[in-house]
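Chains Z and R, in that order, give the protein sequences. According to this note's numbering, the first sequence holds residues 125 to 236 in order. According to this note's numbering, the second sequence holds residues 62 to 174 in order.
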Amino acid sequence: GIQVEQSPPDLILQEGANSTLRCNFSDSVNNLQWFHQNPWGQLINLFYIPSGTKQNGRLSATTVATERYSLLYISSSQTTDSGVYFCAVELVEETSGSRLTFGEGTQLTVNP
Amino acid sequence: NAGVTQTPKFQVLKTGQSMTLQCAQDMNHEYMSWYRQDPGMGLRLIHYSVGAGITDQGEVPNGYNVSRSTTEDFPLRLLSAAPSQTSVYFCASSYYHSTGELFFGEGSRLTVL
């Protein structure tokens with residue numbers, strides 16, 4: 125099956141710093157999403173981004189599907205940004221529909 | 062809108078017991094799925110459904126059953142619980158047949174002794 129690799133696995137920042145999280149995938153995908161899992165376990169969809177660039181406040185994401193990677197940028201980080209960031213990709217299969225494959229996540233800790 | 066609602070939030074079972082995790086969504090989403098999350102790992106797909114009456118297996122389906130009799134509900138059944146099924150379970154839904162933006166429930170933490 126498709127492989128999804130996220131880097132770095134862990135990241136510690138001081139409040140106010142910027143960061144870039146990376147997601148590499150091994151095959152052509154139909155779609156890509158970024159999620160944030162907060163310290164209470166809740167999963168929030170950040171971006172639905174099969175290609176191109178999107179921005180939402182201090183967060184932005186870029187997917188280059190032809191080169192099989194996506195980047196998530198966090199600017200001016202805040203303690204509330206702490207948690208795990210997951211990348212998930214969709215590989216459309218003709219016989220069984222579509223499904224998301226998740227990477228193992230990047231654990232982000234933002235210290236005050 | 063309540064979004065995606067999962068019950069129960071916590072459950073402890075003994076090996077061999079059966080139980081059902083409930084999942085309901087009020088967004089008229091066609092696509093629903095169940096994932097499990099184990100420590101230090103991403104989410105793995107158990108089963109999914111692209112519409113009422115249609116279900117299919119994901120990456121780790123063994124030991125679980127699902128059904129989709131209505132658009133709103135997608136219960137996950139553990140037939141004979143095993144300690145390896147100790148995990149956090151997430152239900153998710155999306156609007157499009159081929160996974161659109163995915164919305165998750167709050168999760169159900171299951172411990173099998």
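We treat Cβ as the ideally placed atom computed from N, Cα and C, and that holds for glycine.
Please report the distance separating the alpha-carbon of residue i from that of residue j.
i	j	result
threonine 187/Z	glutamate 228/Z	18 Å
glycine 124/R	glutamine 138/Z	44 Å
glutamate 91/R	alanine 153/R	11 Å
glutamate 200/R	glycine 64/R	Outside the modelled stretch of chain R, which goes from 62 to 174, sits residue 200/R, for which no answer is possible.
tyrosine 150/R	arginine 97/R	4 Å
leucine 196/Z	glutamine 83/R	33 Å
valine 173/R	proline 122/R	17 Å
glutamate 191/Z	asparagine 148/Z	9 Å
lysine 75/R	arginine 129/R	27 Å
serine 143/Z	threonine 230/Z	12 Å
methionine 88/R	tyrosine 156/R	8 Å
glycine 165/Z	glutamine 86/R	19 Å
asparagine 154/Z	leucine 232/Z	27 Å
aspartate 117/R	serine 110/R	6 Å
asparagine 180/Z	proline 133/Z	23 Å
serine 141/R	valine 127/R	14 Å
phenylalanine 71/R	leucine 139/R	15 Å
serine 145/R	valine 73/R	13 Å
phenylalanine 165/R	proline 69/R	15 Å
For residue i, I'd like the list of residues in its chain whose CB is within less than 6 Å of its CB, leaving aside the five on either flank, ordered along the chain.
i	result
phenylalanine 171/Z	Trp158, Lys178, Ala185
asparagine 162/Z	Gly207
tryptophan 95/R	Ile107, His108, Leu137, Cys152
serine 131/Z	Arg146
glycine 112/R	Glu91
alanine 212/Z	Gln157, Leu224, Phe226
alanine 189/Z	Ser175
aspartate 99/R	Ser148
Cutting at 7 Å between CB atoms, please list the residues of its own chain near residue i, excluding the five before and the five after it.
i	result
alanine 141/Z	Ser201
glutamate 129/Z	Asn148, Gly227
glycine 125/Z	Thr225
alanine 143/R	Thr76, Gly124, Val173
Are the Cβ atoms of residue i and residue j separated by less than 7 Å?
i	j	result
glycine 114/R	leucine 106/R	no
isoleucine 173/Z	leucine 156/Z	yes
serine 150/Z	glutamine 127/Z	yes
methionine 93/R	phenylalanine 135/R	yes
phenylalanine 226/Z	glycine 103/R	yes
serine 169/R	glutamine 78/R	no
leucine 183/Z	isoleucine 198/Z	yes
proline 236/Z	threonine 203/Z	yes
What do you reckon, is the C-beta of residue i under 6 Å from a heavy atom of the ligand FMN?
i	result
arginine 170/R	By its list of ligands, the structure shown contains no ligand whatsoever, and the ligand FMN lies outside what it can speak to.
If residue i and residue j are in contact, beta carbons under 8 Å, what's the gap, nearest whole angstrom?
i	j	result
leucine 163/R	leucine 135/Z	About 24 Å; that fails the 8 Å criterion.
leucine 160/Z	tyrosine 193/Z	For the record, residue 160/Z in the displayed sequence is histidine; it is not leucine. Actually they are not in contact, since the Cβ atoms of histidine 160/Z and tyrosine 193/Z sit about 19 Å apart, beyond 8 Å.
threonine 132/R	leucine 171/R	Going by Cβ atoms, the distance from threonine 132/R to leucine 171/R rounds to 25 Å, so no, they are not a contact pair.
Who are the Cβ neighbours of residue i in its own chain at under 8 Å, not counting the five residues just before and after it?
i	result
glycine 176/Z	Thr186, Thr187
| task | Scan the segment 83 to 164 of chain R and note each continuous beta strand (DSSP E) run of 3 residues or more that stays entirely inside, going in chain order. | result | 92 to 98, 104 to 112, 115 to 118, 125 to 127, 137 to 139, 148 to 155
| said: Give the list of continuous beta strand (DSSP E) stretches no shorter than 3 residues that lie fully inside the segment 170 to 213 of chain Z. | reply: 176 to 180, 183 to 188, 193 to 198
| request: Please list the segments of the beta strand (DSSP E) lying wholly inside the segment 129 to 161 of chain Z, counting only runs of 3 or more residues, in order along the chain. | output: 134 to 138, 143 to 149, 155 to 161
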